[in-house]
Amino acid sequence: TRNAGTLAPIQHPHHSSRVGGATAVWDLSKLEVSPPHLSTVPGWACEGPGAGGKNRRVCHAAARLEMGSLWQEFNRLGTEMIVTKAGRRMFPTFQVKLSGLDPSADYVLLMDFVPLDDKRYRYAFHSSSWLVAGRADPAAPGRVHFHPDSPAKGAQWMRQIVSFDKLKLTNNLLDDNGHIILNSMHRYQPRFHVVLVDPRRDSERFAHENFKSFSFPETQFMAVTAYQNHRITQLKIASNPFAKGFRDGEPEP
1 TRNAGTLAPI QHPHHSSRVG GATAVWDLSK LEVSPPHLST VPGWACEGPG
51 AGGKNRRVCH AAARLEMGSL WQEFNRLGTE MIVTKAGRRM FPTFQVKLSG
101 LDPSADYVLL MDFVPLDDKR YRYAFHSSSW LVAGRADPAA PGRVHFHPDS
151 PAKGAQWMRQ IVSFDKLKLT NNLLDDNGHI ILNSMHRYQP RFHVVLVDPR
201 RDSERFAHEN FKSFSFPETQ FMAVTAYQNH RITQLKIASN PFAKGFRDGE
251 PEP
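Residue numbering for the sequence shown follows full-length UniProt numbering, beginning at 1 and increasing consecutively.
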């Protein structure tokens with residue numbers, strides 16, 4: 001369920017973050033599985049099978065998706081997530097339980113969303129299925145969402161479930177609220193990244209070693225401005241605590 005890759009350092013300011021006195025620079029668009037780059041700094045490299053040259057403070061990190069059975073239930077139907085001009089929160093909420101972090105090290109947690117393919121879709125109501133409608137629209141501006149508690153110690157992140165409940169999805173290309181911008185009727189894969197705040201002065205040299213990424217296939221979804229599959233609508237109402245008004249036959253407050 002989890003995939004780890006390599007993050008290449010770049011100089012784009014919108015992907016730079018000064019945290020804990022160190023500047024971390026990441027190019028999330030270049031995330032890919034690459035051959036291991038072994039650290040030459042004693043005590044910083046991970047050793048053993050599958051270590052992949054990652055910093056020892058991230059290579060043992062593990063993430064378990066919360067509400068996995070609910071995600072799978074949506075996934076079987078074909079998950080849809082609403083995007084609006086003002087921004088809409090995801091349901092199910094992306095939540096993970098972390099383990100394997102260094103309790104005393106500082107970490108930044110963030111998410112991004114990548115297109116699953118180069119296609120645009122439409123929903124065929126007569127067959128209750130999604131059909132390819134053409135090539136994808138030009139990619140929306142790539143953005144990342146930092147968990148608001150970042151940076152924090154590994155001990156804090158592991159103490160409780162990490163919830164990205166403040167994250168909002170929008171289809172407004174001119175959004176200035178920092179929401180994730182997606183194209184409606186396109187399919188996406190959420191990705192979750194654990195990034196070590198490296199105290200070394202030349203930390204940018206080690207950017208590819210200082211992170212670990214996770215993607216859960218059951219969290220893939222179609223971005224929509226209105227639910228297309230009525231079974232998705234029913235499941236959202238039945239399982240979302242904020243949809244109580246719909247279950248009671250009353251308008252949502």
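Note that the Cβ used here is the ideal one computed from N, Cα and C, for glycine as well.
Around the C-beta of residue i, are 16 or more other C-beta atoms found within 10 angstroms, so that it is buried, or is it exposed?
i, result
"K236", "buried"
"Q228", "buried"
"F242", "exposed"
"P92", "buried"
"S127", "exposed"
"A63", "buried"
"D202", "exposed"
"R135", "exposed"
"M90", "buried"
"R198", "In the sequence as displayed, the identity of residue 198 is Asp instead of Arg. When all chains shown are included, D198 counts as buried."
"L65", "buried"
"R57", "buried"
"P103", "exposed"
How many whole angstroms separate the CB atoms of residue i and residue j, which I take to be in contact at a CB cut-off of 8 Å?
i, j, result
"R88", "I82", "5 Å"
"M185", "H145", "Going by Cβ atoms, the distance from M185 to H145 rounds to 22 Å, so no, they are not a contact pair."
"P190", "F125", "Not quite, the Cβ-Cβ distance comes to about 27 Å (not below 8 Å), so this is no contact."
"E73", "F221", "Contact flag wrong, Cβ pair sits at about 13 Å."
"G53", "E209", "6 Å"
"R143", "I181", "6 Å"
So the candidates are the options; which of them puts its Cα closest to the Cα of residue i?
i, options, result
"P193", "A136, L174 and V162", "One detail in the question is off: residue 193 reads as His in this sequence, not Pro. Nearest C-alpha to H193: V162."
"A86", "K168, M222, V195 and N55", "K168"
"V132", "P138, A139 and Y123", "Y123"
"K97", "A105, S104 and L109", "L109"
"D117", "D176, R187, T225 and F211", "R187"
"A152", "H179, E204, A223 and L196", "L196"
"S150", "T219, C59, P217 and A105", "A105"
"S99", "R120, C59, P115 and E204", "C59"
"T225", "H147, N172 and S129", "N172"
Can you find the residues in the same chain that come closer than 6 Å, C-beta to C-beta, to residue i, ignoring five residues on each side of it along the sequence?
i, result
"W44", "The pLDDT assigned to W44 is 47, lower than 50, so where the model puts this residue is not dependable, and the model offers no usable value."
"D165", "T93"
"N183", "D137 and A140"
"T233", "Y227"
"R205", "none"
"Q160", "none"
"E218", "W71, Q72 and N75"
Within the same chain, show all residues whose beta-carbon is closer than 7 Å to that of residue i, passing over the 5 residues directly before and after it, in chain order.
i, result
"M67", "P92 and Q95"
"L101", "A61, Y107, G154, W157 and M158"
"S239", "L70"
"N177", "G87"
"H179", "G87, K168, L169 and T170"
"S29", "Caution applies to S29, whose pLDDT of 44 falls short of 50 and renders its modelled position unreliable; the model cannot decide the point."
"G48", "Low local confidence applies: a pLDDT of 45 at G48 is under 50, so the model's placement there is unreliable, and no value is given."
"P148", "K166"
If I measure Cβ to Cβ from residue i and keep anything under 8 Å in the same chain, skipping five residues before and after, which residues do I get?
i, result
"G249", "Unreliable placement is indicated for G249, whose pLDDT of 49 sits below 50; the coordinate value is still reported in the next sentence. If we look at G249 and ignore the five residues flanking it on each side, it has no Cβ neighbours."
"R120", "V132, A133, G134, R135, A136, D137, N183, M185 and H186"
"L174", "none"
For residue i, which residues does DSSP report across the bridge?
i, result
"V108", "V195"
"P115", "Y188"
"S69", "DSSP output for S69 lists no bridge partner at all."
"R205", "Its beta-bridge partners do not exist; DSSP assigns none."
"K97", "R64"
"R135", "K119"
"M81", "A223"
"R88", "L169"
"I181", "T170"
"V162", "V96"
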